[in-house]
Each structure stands twice: as structure tokens, then as C-alpha cells.
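First comes the structure, then the notes that go with it.
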Amino acid sequence: MATTSVTGVLLKTPKVIKLDPLMLILSIRNEKDNTITQCLAVKHALNMMYLAKPGCHIAVYGHLNKRRQLVIDRFMISHASEK
């Protein structure tokens, strides 16, 4: 299983698509080539739902599934400083 990473900006608030186990879907605009990547979060999904806000910088690491969605294993979120 090949792993990949994406760094970019979160476009929208993550949406809950399944409750048991909690599963989120989110869209990230890649900084390098300006493409949009659809991601699924199951591990630490509750933590991601709490931390992720639209416009925040996010780095995710995971693998691609059959539908070419990135299944997130690890993530880091950086909020822009509020003035």
C-alpha cells in the first residue's frame, strides 16, 4: 500500500458521513499544484472535527482507496493568527 501526503488549505468544514465509527469527508486544496483532494478521516475523526476550520492550513498523510480518496492516517492543523 503506497502512502502519500498532501499539504494545503481546508476548503470547507468537514462533513460527517457515518456515525459508527465516526467518518468525516473533507476537501483540501493542494499548495503545490492547486488541485483539490477529497479525504476521509476515521482515525482521530472527533479531534479533527473539533480542530478543523475552513481556511486553516492542514498537512495529511495516508493512502489512496479505490475511489482515489486519501484515507488519512495522520494530520497536523495550523490555524492562522486571528487579529
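Using numbering that gives the first Met the number 0, read the sequence shown as starting at 0 and increasing by one per residue.
Just so you know, even glycine gets a beta-carbon here, dropped at the ideal spot from N, CA and C.
Who are His43's beta bridge partners in DSSP?
Paired residue(s): none; His43 is not in a bridge.
The beta strand (DSSP E) enclosing Ala58, as first and last residue numbers
56-63
Buried or exposed (CB count within 10 angstroms, at least 16 for buried), Gly61:
buried
For Met75, write down the residues that DSSP places opposite it in a beta bridge.
Ala58
Anyone know if the C-beta pair for Leu39 and Arg28 falls short of 9 angstroms?
no
Exposed or buried, which one is Pro20 when buried takes at least 16 other CB atoms within 10 Å?
exposed
Which partner residues does Met22 have in the DSSP bridge list?
Lys17
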